[in-house]
Amino acid sequence: MLVQRTIPESSLSIRQPVLVSDLILRDSNEWDSQRISEIFTQPEVDMIMKIPLPLQAIEDKLMWSHTKQGNYTVKSPHHAILFNSDEASSSNPSPHSLWTKIWGAETQPRCKEFMWRTIQNAIPVKLNLFRRGIPTDLTCPLCGEAQESTCHAILTCPEVRSIWFLSPLGLHINLGEGMDLRSWLDLTLSSLPEIGQNWVFSVAWAIWKRRNLWVFDQKRLTPEQVINQASSMNISEAEPREGHMNQNSPIPPRWKPPRPGAFKANFDASVHEDTGTGLGAIFRNHEGKAIIASSFHLRAAYEPAIAEALSLRRTINMAKDENFRIIELESDCLQLVQAWDRSVPHNNYLASIVQDCKDLSSFLDSCSLKHCSRNINGVADHLAKLAFVYQDHFWVGNDPPGTSLLLQQDVVCCTRFEVSTS
Ligand SMILES: [Zn+2]
54 MLVQRTIPES
64 SLSIRQPVLV
74 SDLILRDSNE
84 WDSQRISEIF
94 TQPEVDMIMK
104 IPLPLQAIED
114 KLMWSHTKQG
124 NYTVKSPHHA
134 ILFNSDEASS
144 SNPSPHSLWT
154 KIWGAETQPR
164 CKEFMWRTIQ
174 NAIPVKLNLF
184 RRGIPTDLTC
194 PLCGEAQEST
204 CHAILTCPEV
214 RSIWFLSPLG
224 LHINLGEGMD
234 LRSWLDLTLS
244 SLPEIGQNWV
254 FSVAWAIWKR
264 RNLWVFDQKR
274 LTPEQVINQA
284 SSMNISEAEP
294 REGHMNQNSP
304 IPPRWKPPRP
314 GAFKANFDAS
324 VHEDTGTGLG
334 AIFRNHEGKA
344 IIASSFHLRA
354 AYEPAIAEAL
364 SLRRTINMAK
374 DENFRIIELE
384 SDCLQLVQAW
394 DRSVPHNNYL
404 ASIVQDCKDL
414 SSFLDSCSLK
424 HCSRNINGVA
434 DHLAKLAFVY
444 QDHFWVGNDP
454 PGTSLLLQQD
464 VVCCTRFEVS
474 TS
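See the structure below:
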């Protein structure tokens with residue numbers, strides 16, 4: 054295993070040779086954080102703890118972290134120096150990528166324009182008016198509870214959260230620490246199919262329209278009316294896709310149960326720089342009934358795709374332990390699904406964990422992995438977050454805290470689709 058930068062002098066106080074294997078707890082296959090802390094400086098400890106460990110000892114090899122494939126190319130050092138970032142990294146999107154996502158979207162120009170003004174913090178919410186020297190009461194006109202910032206008006210106002218949740222996106226607005234509207238938007242757009250992305254634009258636009266109708270005309274629309282307005286912006290997208298929808302239903306695909314005899318496993322990961330990584334998984338049968346769900350906590354804060362891969366590995370292990378023979382896995386991490394589908398694996402950490410998963414899955418009769426949108430993966434996402442509260446926990450025969458509504462919603466939606474498509 055290779056650390057790809059020069060070890061600073063402070064690390065050279067090691068008195069005796071130390072092998073990488075000396076730093077791994079054999080019983081739990083985890084890094085020995087105490088031993089590592091004795092030898093390395095804190096920034097180095099943090100770097101080492103983020104390296105995922107494969108299940109089996111594999112041969113040491115060189116990896117070049119500045120390309121996706123993990124192999125050195127002549128242009129990659131120039132790229133790395135110029136942009137000071139990993140080509141493979143998806144966690145730090147550039148403003149340019151958000152610009153492309155907004156202006157490249159297949160949706161109404163007025164919605165795109167509104168979204169662009171929003172992320173520029175250029176819409177006339179009260180806080181912005183105040184900053185421009187216009188004397189105004191800063192309180193949100195809808196909830197009366199907080200200052201009306203752009204983020205509050207579009208995302209976090211209690212009056213607005215319910216609209217996002219009741220919309221076909223089914224989004225729980227949960228801004229992690231340090232996350233702002235711009236990073237939320239980037240993350241959300243990246244995880245949704247095109248039709249879902251269009252809904253993000255139209256819902257945001259309709260939320261702002263509703264706010265103005267209240268401020269200027271004292272007319273208060275219900276969440277359903279706001280969603281109908283947003284829907285009218287998406288009319289052109291109301292086409293059937295992959296058999297999930299009919300022409301009257303511009304609703305993006307929802308969770309679907311597996312075929313009889315199979316188990317559908319949704320899994321997810323949640324990473325917080327300070328508190329580590331949460332993994333969550335849920336297995337449901339062909340009736341949509343939850344059979345077993347779990348949360349699991351890891352101390353290290355892994356790269357998002359690595360965290361998702363570790364969640365996959367744990368989910369397949371659960372299937373093995375529970376003796377589920379036919380598994381349909383769903384993940385909202387496209388990078389992971391692409392790594393799984395790749396016939397020639399890349400030379401990176403992600404590929405080594407995916408190889409573990411493939412080895413484990415060979416013990417099952419059938420195991421497939423498909424990509425799904427984030428709204429389909431809502432229960433697993435919630436379970437991953439529960440790991441920060443419950444650490445390592447299994448739920449059998451009872452719904453994990455806060456998931457009853459999500460579980461019901463999934464079943465209602467899949468029933469609705471069966472009715473509407475028959
Ligand atoms: Zn408010």
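Going by our numbering, the letters in the sequence shown line up with residues 54 to 475, in that order. For each residue, glycine too, the CB sits at the ideal point set by N, CA and C.
Go through its chain and collect everything with a Cβ distance to residue i's Cβ below 6 Å, but skip five positions before and after it.
i	result
Pro61	Because the pLDDT of Pro61 is 45, which lies under 50, any placement of that residue in the model is unreliable, and the question is left without a value.
Trp393	Val407 and Leu422
Arg184	none
Leu245	Ser426
Leu458	none
Thr456	Val432 and His435
Thr189	Lys179, Leu182 and Phe183
Ile134	Residue confidence for Ile134 is low, a pLDDT of 44 falling below 50, so the modelled location carries little weight and cannot support an answer.
Arg235	Ile172
Trp16	Outside the displayed span of the chain (54 to 475) sits residue 16, for which this structure offers no information.
Leu382	Ala318 and Leu422
Phe136	Annotation note: pLDDT 40 at Phe136 (below 50); position unreliable, coordinate value reported separately. Here the set comprises nothing.
What do you get for residue i, buried or exposed, if any count of 16 or more other CB atoms within 10 angstroms of its CB means buried?
i	result
Asn401	buried
Asp445	exposed
Phe336	buried
Val442	exposed
Ala110	exposed
Gly249	buried
Met286	buried
Gln57	Confidence in Gln57 is poor, its pLDDT being 44 and thus under 50, which makes the residue's placement too unreliable to answer from.
Phe416	exposed
Met232	exposed
Leu460	buried
Arg264	buried
Arg366	buried
Gly186	exposed
Thr203	buried
Asp239	buried
Asp418	exposed
Phe320	buried
Lys438	buried
Phe26	Shown here, the chain extends from 54 to 475; a query on residue 26 therefore has no answer.
Trp152	exposed
Ala141	In this predicted model, Ala141 has a pLDDT of only 33, less than 50, meaning its place in the structure is not dependable; the value taken from the coordinates is given anyway. Looking at its Cβ environment, which holds 16 or more other Cβ atoms inside 10 Å, Ala141 is buried.
Taking 7 Å as the line, does the beta carbon of residue i fall inside it for any heavy atom of ligand 1?
i	result
Ala199	yes
Leu195	yes
Cys204	no
Glu356	no
Glu340	no
Glu375	no
Glu212	yes
So what does residue i bridge to, in DSSP terms?
i	result
Ala346	Ile335 and Trp448
Leu78	Glu83
Lys103	According to DSSP, which records beta bridges pairwise, Lys103 is partnered with nothing at all.
Ala322	Leu332
Leu351	Thr330
His424	Ser384
Phe316	Ile380
Near residue i, which residues of its chain fall below 7 Å by C-beta distance, leaving aside the five closest residues on each side in sequence?
i	result
Val464	Gly341
His205	Cys193 and Ala199
Val486	No information on residue 486 is available, as it lies outside the stretch 54 to 475 that the chain covers here.
Asn251	Ala158, Glu159, Thr160, Asn287 and Glu290
Arg214	Ile226
Thr209	Ile226 and Leu228
Asn174	Asn181 and Thr203
Asp409	Pro107, Leu108 and Arg366
Cys164	Phe254, Ser255, Trp258 and Met286
Sorted by chain position, which residues of the same chain lie with C-beta nearer than 8 Å to residue i's C-beta, five sequence neighbours on each side aside?
i	result
Leu363	Pro105, Ala322, Thr330, Leu332, Leu351, Tyr355 and Ile406
Glu358	The sequence shown places Ala at residue 358, not Glu. Around Ala358: Ser143, Cys386, Gln388, Leu389, Ala392 and Leu403.
Gly314	His339 and Ile379
Arg294	Reliability of the predicted coordinates at Arg294 is poor, the pLDDT of 38 falling under 50, and no value is obtained from them.
Val71	Ile92
Asn428	Pro221, Leu222, Gly223, Leu224, Leu245, Gly249, Pro305 and Arg307
Leu191	Lys179, Leu180, Phe183, Gln200 and Glu201
With 8 Å set as the bound, which would you pick, yes or no: does the beta-carbon of residue i sit closer than that to a beta-carbon of chain B?
i	result
Ala199	In the structure shown, chain B does not exist; there is a single protein chain.
Starting from the N-terminal side, write out each stretch of the alpha helix (DSSP H) that is 4 residues or longer and does not extend beyond the stretch 354 to 422. 357 to 375, 387 to 394 and 402 to 414
Entirely enclosed alpha helix (DSSP H) segments - the stretch 175 to 244, minimum 4 residues: 179 to 184, 211 to 219 and 234 to 244
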